[in-house]
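Shown next, in the form of C-alpha cells:
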C-alpha cells in the first residue's frame, strides 16, 4: 500500500507504471483500467489491492509432528512432592539444589512432567550440576530439550557422554568440530597411544594456537617416554599455553631431558652444610630458563626468586629424600632464611598433594601446627592456608576432622583455616563437636578481647559452610535455642555491630538448616 500512497503524493506522471504493479493477478485487471487516465487507474488498483489483502491467503501446510518421547524407564518414578524443588529453582540455591538432586538420584526420582520446562530453563550453569541433573530429566525431559535452543545443554552433555563408534574415530578426527576432534583423539589415545600422537604430529603445523592446547593435553593419557621428542619441540611453540602444557607433561616423565635440566639447576641452587640448608640465588639466568618456562625473559632479575620456586616445584619428593635424607619437617627446620623457608614450604606442600604422599603430608602438617598463630598473621597467611587445604584434602575424613577438633579446642583455627576445606557431609561426631563449640562462642560473646573478636569473626565465617556440611542427624541439635546474650544497657556501636552480625549469621544458618530438613523430609 505504501507504493500507492507515494505515487499519489509524487504524482502519477513522476512515479511511472511501476507504481501500478503488484506482482499478483490484480495486474491483469489493472491493465484494463487505463481508459480513465492514470489517476483513475491508480485509485482503482489501490482499492483492489486493499480488498486482495483483506481477503486472506492460503494457510501454510502443517509441519510433520515430531516423534513422541520414548517410554520412561520403569526403574524411575516422578518426584511425589516437588514443591521444595520448585522453591530451590526459584531462588537458585545452587548448593541446596545439588543436595536435593543427589537425594533424587539415590531414590531414582525424576523431575515431574509439569516442572520440566522450569527445570530446564533455570538449572544454574556449571557442568557438574548439569551432569547431575541430566539423568533426572527422564525420556520426556531429554525429548523436550531438543525443541528449545536454550535447553541444548542437555544434548551437548549427552553427546560428550556418548563414545564415538570405533569405525568413525579417524573420520571425526579429520572432519569434526574442535570438541569432536578432541574426543576422537582422546579415544584413539586410549586405544592406540602411538597412533594418536602421530595424528597430532601430522596435523600440528596446520592447527591454530587455540586448538593446539586442548589437543596436546590429550597426551597426558597414557603418557610415555615415546612422547618426549614431540613435547620437547612444543617448548618452542609460539603459544604460551601450549608451552605450559608441554612443560607440565615433560615434568611427569622422570627420565626426560627436561627433568635432568631441573635436577642440574637444583644441584647448583641448594647447599647443605653443618645441618643447615641454604639456597644460593643465581645472579643471572641463561636462555634455557626461559625455554623451560621458569622465567619470561633473562633480563627479569626481579623474578629470579619466583623462577627458583618454579624450578623446585618440578622436583619429586624422592629428590629431597635421596639428596638430604630428611623428612619435610626437618628440611624446613634446617632453613634459617624465613623467605626461603616459606617458599620451600609451598613447594613441598604442592608436591606432597600432587603425589598423594601421606608421610610427607603428615610431616608438613606437623610443622604447620607447631607454628605459633602470630607467625601466621602475615601477608603469606592466605597463601599458606591454600597449601594446607590441599594437604588436608588428601587425608581421610576422620584425620581431617581430628585436626580441626584440635584447632577449635585451642582457638588456633580462628587465625587460619575455614571448615569448608573438610569433606561434606561431616561425620555426626564432628558435627556435634562443632555445634557445641559454636554455641559456647555465641553464648559467651567474647567481645572484650582481640582474641575473642577474632573467634567471633571466625564463627561467622564458618556458619555458612557448616549449615551445608552438617549431617541430617545433627539437625535437631542445630535447631535448638542458641542463647545469644542481650546487649547491656550501655554499649558502644562496635559492640552493637558485632552483636547484630552474629545474630544475623545464626539466623541465616538456621534458615539453611530448616531448608535442608525439608529436603530430607520431602525427597531424602
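In my numbering, the protein residues as written are 352 to 875. No residue lacks a Cβ here, since even glycine has one placed at the ideal position from N, Cα and C. Bear in mind the structure is a predicted one, so any value in this text is a computation, not a measurement.
Residue of the options minimising C-alpha distance to residue i
| i | options | result |
| --- | --- | --- |
| residue 804 | 836, 768, 845, 814 | 845 |
| residue 480 | 706, 630, 465, 440 | 440 |
| residue 517 | 597, 504, 543 | 543 |
| residue 403 | 378, 421, 425 | 378 |
| residue 773 | 783, 798, 741 | 741 |
| residue 823 | 777, 801, 489 | 777 |
| residue 597 | 464, 647, 581 | 581 |
| residue 812 | 826, 393, 792 | 792 |
| residue 672 | 630, 743, 703 | 703 |
| residue 738 | 463, 375, 494, 701 | 701 |
| residue 417 | 494, 393, 660 | 494 |
| residue 852 | 835, 839, 643 | 835 |
| residue 455 | 444, 485, 473 | 485 |
| residue 506 | 535, 471, 523 | 471 |
| residue 590 | 556, 674, 608 | 556 |
Continuous alpha helix (DSSP H) stretch holding residue i: start and end
| i | result |
| --- | --- |
| residue 614 | 608-620 |
| residue 627 | Premise fails: residue 627 lies in the beta strand (DSSP E), 627-630, not in any alpha helix (DSSP H). |
| residue 858 | 844-873 |
| residue 784 | 779-795 |
| residue 474 | Residue 474 -> no alpha helix (DSSP H), and no H or E assigned at all. |
| residue 457 | 445-458 |
| residue 659 | 655-664 |
| residue 501 | It is not in any alpha helix (DSSP H) - residue 501 carries neither H nor E in the DSSP assignment. |
| residue 545 | 544-554 |
| residue 561 | 560-568 |
| residue 489 | 489-496 |
| residue 809 | 801-820 |
| residue 827 | 826-829 |
| residue 733 | 732-744 |
Cα-Cα separation between residue i and residue j, rounded to whole angstroms
| i | j | result |
| --- | --- | --- |
| residue 748 | residue 707 | 15 angstroms |
| residue 553 | residue 578 | 14 angstroms |
| residue 626 | residue 770 | 37 angstroms |
| residue 652 | residue 663 | 18 angstroms |
| residue 727 | residue 637 | Confidence at residue 727 is low in this model, with a pLDDT of 46, below 50, so its placement is unreliable and the value that follows should be read with caution. Each residue's Cα considered, the two are about 36 angstroms apart. |
| residue 560 | residue 799 | 59 angstroms |
| residue 588 | residue 688 | 38 angstroms |
| residue 606 | residue 576 | 8 angstroms |
| residue 568 | residue 808 | 43 angstroms |
| residue 500 | residue 858 | 41 angstroms |
| residue 765 | residue 475 | Unreliable positioning characterises residue 765 in this predicted model, as indicated by a pLDDT of 47, which lies under 50. The coordinate reading is nonetheless provided below. When rounded, the distance between both Cα atoms is 33 angstroms. |
| residue 654 | residue 848 | 44 angstroms |
| residue 628 | residue 612 | 21 angstroms |
| residue 862 | residue 570 | 48 angstroms |
| residue 816 | residue 412 | 58 angstroms |
| residue 453 | residue 872 | 14 angstroms |
| residue 665 | residue 595 | 13 angstroms |
| residue 462 | residue 841 | 55 angstroms |
| residue 631 | residue 734 | 24 angstroms |
| residue 426 | residue 432 | 18 angstroms |
| residue 725 | residue 802 | Note that residue 725 scores 49 on pLDDT, short of 50, meaning its location in the model is unreliable and no value can be drawn from it. |
Under 8 angstroms between C-beta atoms of residue i and residue j
| i | j | result |
| --- | --- | --- |
| residue 430 | residue 874 | yes |
| residue 572 | residue 537 | yes |
| residue 483 | residue 449 | yes |
| residue 715 | residue 679 | yes |
| residue 820 | residue 864 | no |
| residue 695 | residue 682 | yes |
| residue 658 | residue 645 | yes |
| residue 602 | residue 870 | no |
| residue 549 | residue 520 | no |
| residue 752 | residue 718 | no |
| residue 436 | residue 867 | no |
| residue 814 | residue 788 | no |
| residue 860 | residue 818 | yes |
| residue 524 | residue 514 | no |
| residue 551 | residue 574 | no |
8 angstroms contact criterion, which residue i and residue j should meet: CB distance rounded
| i | j | result |
| --- | --- | --- |
| residue 562 | residue 529 | 6 angstroms |
| residue 750 | residue 698 | Rounded, the Cβ-Cβ distance is 23 angstroms, inconsistent with contact. |
| residue 490 | residue 421 | 4 angstroms |
| residue 642 | residue 586 | 6 angstroms |
| residue 779 | residue 825 | 6 angstroms |
| residue 693 | residue 732 | About 11 angstroms; that fails the 8 angstroms criterion. |
Closer than 7 angstroms: residue i CB and nearest the ligand COA heavy atom
| i | result |
| --- | --- |
| residue 866 | Ligands displayed in this structure: none; no statement on the ligand COA is therefore possible. |
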